[in-house]
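Residue numbers (my numbering): 326 to 521.
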Amino acid sequence: MQGRIGLLLAAKASEEDLKCADQIVYTMEAIERGHLPDEMCLVELGEAFNVEDPIQCQRVVRHLLDVVSKGSIGRAVLGMRQLFDPRSGVLAPDSDVLELHPRLVQALHGAQQEKANEWSVLAAPGQIKPGDFLSFTVGGKPLCVKAKDVLFAGTDREEVIYRRRRNQYFITAMVVAGTSSHKGVLVRSGAAGGAQ
Numbered sequence: 326m327q328g329r330i331g332l333l334l335a336a337k338a339s340e341e342d343l344k345c346a347d348q349i350v351y352t353m354e355a356i357e358r359g360h361l362p363d364e365m366c367l368v369e370l371g372e373a374f375n376v377e378d379p380i381q382c383q384r385v386v387r388h389l390l391d392v393v394s395k396g397s398i399g400r401a402v403l404g405m406r407q408l409f410d411p412r413s414g415v416l417a418p419d420s421d422v423l424e425l426h427p428r429l430v431q432a433l434h435g436a437q438q439e440k441a442n443e444w445s446v447l448a449a450p451g452q453i454k455p456g457d458f459l460s461f462t463v464g465g466k467p468l469c470v471k472a473k474d475v476l477f478a479g480t481d482r483e484e485v486i487y488r489r490r491r492n493q494y495f496i497t498a499m500v501v502a503g504t505s506s507h508k509g510v511l512v513r514s515g516a517a518g519g520a521q
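So this is what it looks like as structure tokens:
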């Protein structure tokens with residue numbers, strides 16, 4: 326069975342699985358440094374670990390068995406293996422740090438550009454910036470213009486000027502309330518490019 330990333334589908338690691346993996350790593354690193362993990366110390370924190378002490382070794386094995394009984398380290402490791410597999414196309418193959426594959430970065434950038442190209446209904450003050458595109462009808466005539474200036478931006482007094490010489494503008498609060506002569510005002514980010 327092939328997954329969406331071209332690998333076998335595997336169960337996603339749960340929070341318990343990740344805690345299990347964390348605890349095993351924490352335990353093994355503590356032992357490697359020569360002491361027991363804090364939760365295993367009977368005498369004092371930082372109790373020394375002696376690999377030649379069979380009682381301590383037995384306690385460590387019991388502790389690890391207790392940890393693995395609460396989650397699946399296998400699911401956590403398998404999930405990471407699939408994530409790191411170059412065929413997954415999720416992570417940048419030549420990077421020493423965890424970063425997205427360049428194709429995913431490009432796709433996300435494209436999605437952001439597409440979102441910037443979308444028209445949205447004017448719903449509140451603060452939504453329009455100078456240079457944004459506006460589409461509406463006024464006096465029954467459809468217009469598509471750029472916002473030249475926004476006065477009192479983000480307040481109930483916000484005024485959007487779209488033709489300075491003719492002093493043509495609308496008050497956002499009146500558009501939202503439906504009392505403006507400007508009807509059906511739509512906004513599109515000016516950062517998206519030229520008007521369509």
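The beta carbon of each residue, even a glycine, is placed where N, CA and C say it ideally should be.
#1: Restricting to Cα atoms, I'd like to know which of Val-422, Asp-421, Ala-417 is closest to Val-430.
#2: In whole angstroms, give me the CA-to-CA distance for Lys-344 and Glu-443.
#3: Among Ile-453, Tyr-351, Leu-334, which one has its Cα closest to the Cα of Arg-400?
#4: Mark Leu-447 as exposed unless 16 or more other C-beta atoms lie within 10 angstroms of its C-beta, in which case mark it buried.
#5: Output the residue ranges of the alpha helix (DSSP H) runs that lie fully inside the stretch 487–515 and measure 4 residues or longer, sorted by chain position.
#6: Given this structure, state the Cα-to-Cα distance separating Ile-380 from Arg-387, to the nearest angstrom.
#7: Tell me the residue span of the beta strand (DSSP E) that contains Thr-462.
#8: Assuming Pro-610 and Ala-498 form a contact by the criterion Cβ under 8 Å, report the distance between their Cβ atoms to the nearest whole angstrom.
#9: When burial is assigned at 16 or more other CB atoms within 10 Å of the CB, is Val-422 buried or exposed?
#10: Short of 6 Å in beta carbon distance, which residues of its chain neighbour Ile-453, apart from the five on each side in sequence? Order them along the chain.
The structure says:
#1: Here the closest residue by C-alpha is Ala-417.
#2: 42 Å
#3: Leu-334
#4: buried
#5: Counting only runs that start and end inside the stretch 487–515, the alpha helix (DSSP H) elements of at least 4 residues fall at 497–502.
#6: Cα to Cα, Ile-380 sits roughly 11 Å from Arg-387.
#7: 458–463
#8: Residue 610 cannot be examined here, being either before or after the span of the chain that is shown, 326 to 521.
#9: So Val-422 ends up on the exposed side.
#10: Contacts found: Ala-472, Val-475, Val-485, Val-512.
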